[in-house]
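Enquirer:
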Amino acid sequence: MTPQHPWTRYVALGDSFTEGIGDPEPGSPGGNRGWADRVAETLALGTENFSYANLAIRGRLLQQIVDEQVEPALELKPDLVSLSAGGNDIIRPNTDPDEVAARLELAVERLRRDGAAIVLFTGPDIGMTPVMKRIRGKVAIFNENVRAVAHRHDAVVVDMWALSELRDPRMWDADRLHFSPVGHQTIAMAVLDALGVPHELEPFTAEPLPVRPWRTARADDIVWAREYFVPWVVRRIRHRSSGDGITAKRPGFDA
280 MTPQHPWTRY VALGDSFTEG IGDPEPGSPG GNRGWADRVA ETLALGTENF
330 SYANLAIRGR LLQQIVDEQV EPALELKPDL VSLSAGGNDI IRPNTDPDEV
380 AARLELAVER LRRDGAAIVL FTGPDIGMTP VMKRIRGKVA IFNENVRAVA
430 HRHDAVVVDM WALSELRDPR MWDADRLHFS PVGHQTIAMA VLDALGVPHE
480 LEPFTAEPLP VRPWRTARAD DIVWAREYFV PWVVRRIRHR SSGDGITAKR
530 PGFDA
């Protein structure tokens, strides 16, 4: 089979989004599959000696990703790197999206040191989420910065803000913070399309959603806040992370 792309050494960096949370798969390292695994599986087709590492760990802030993942990634001498970072910073109160993006750019500069192709991500439009919609403008500012960083460093941008499919609630896990399996599949397709790599991943065919009474929707919001949002806030107050004690699921090319 003729290779459809020039890359043989792919490293994925980031947080829960890249780790694949929301897409459980017992047979995958770490118990989750995710969009990055799907992308790697497609890139491996017809590519001799293809290697893939995933250093992402849930809950990581941008500086933690920079401090813990960038140098290990460079040591693997990748020719393709995906970096999704800053989302956990942006959703926290009092963070400056311009400052977060400036630190993201420093990471991109380091990762470009040996000429690897870089893939970056804008944040999705979270306007349909009752709590998260309050930071919609902040996410939009960060996204504009990401596009500017990508332009300056010749990086590829996967524009999740523009993916209208992600506004479908079925694209999201029950916690409304992570993507569901179909969400991860949709994002994998977007990554491959942005890279110009042909693929045979199947898109999600959405049936019309039933109309939900207002009272039902509000009751679901209350349950969500109690089961997912409040525990998240409590972890922030206690300076704990869902990634405490977790290690990278694919720390090297032989994993």
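In short: position in the sequence shown from 1, add 279, done, that's the numbering used here. Cβ coordinates follow ideal geometry from the N, Cα and C atoms, glycine included. What you are looking at is a predicted structure, and each value in this text was computed from that prediction instead of being measured.
DSSP three-state call for F329: helix, strand or coil?
Expert: In this structure, F329 counts as coil in the three-state DSSP scheme.
Enquirer: Are V435 and A396 touching if we call contact CB-CB under 9 Å?
Expert: Against a cut-off of 9 Å, the Cβ pair of A396 and V435 comes out as a contact.
Enquirer: Measure the beta-carbon distance from I336 to I525 and round it to whole angstroms, keeping in mind my assumption that it falls under 8 Å.
Expert: That belief holds up - the Cβ atoms of I336 and I525 are roughly 5 Å apart, short of 8 Å.
Enquirer: Leaving aside the five residues before and after A467 along the sequence, list all residues of the same chain whose C-beta is less than 7 Å from its C-beta, in chain order.
Expert: Only W314, R317, V318, L480 meet the Cβ criterion.
Enquirer: For the structure I just gave you, are there three or more beta carbon pairs, one from the region 361-368 and one from the region 298-305, closer than 8 Å?
Expert: Verdict: no, contact absent.
Enquirer: Looking at the structure shown, is N311 part of a helix, part of a strand, or coil, going by DSSP?
Expert: Of the three classes helix, strand and coil, the one that applies to N311 here is strand, per DSSP.
Enquirer: Using DSSP's beta-bridge definition, name the partner residues of G293.
Expert: According to DSSP, G293 bridges with S363.
Enquirer: To the nearest angstrom, report how far apart G394 and Y289 are at their CA atoms.
Expert: So the two alpha carbons sit approximately 13 Å from each other.
Enquirer: With a cut-off of 8 Å on the beta carbons, I'd call V476 and T321 a contact; round off their distance for me.
Expert: Correct: roughly 7 Å between the Cβ atoms.
Enquirer: Apart from the five residues on each side of it in sequence, which residues of its chain come closer than 6 Å, Cβ to Cβ, to R529?
Expert: For R529, where only same-chain residues beyond five positions count, the Cβ hits under 6 Å are P308, A332, N333.
Enquirer: Using the Cα positions of A380 and A323, report the straight-line distance between them to the nearest angstrom.
Expert: Their backbone Cα atoms lie some 31 Å apart in a straight line.
Enquirer: What first and last residue would you give for the alpha helix (DSSP H) that runs through F400?
Expert: From DSSP, F400 is part of no alpha helix (DSSP H) but of the beta strand (DSSP E) over 396-400.
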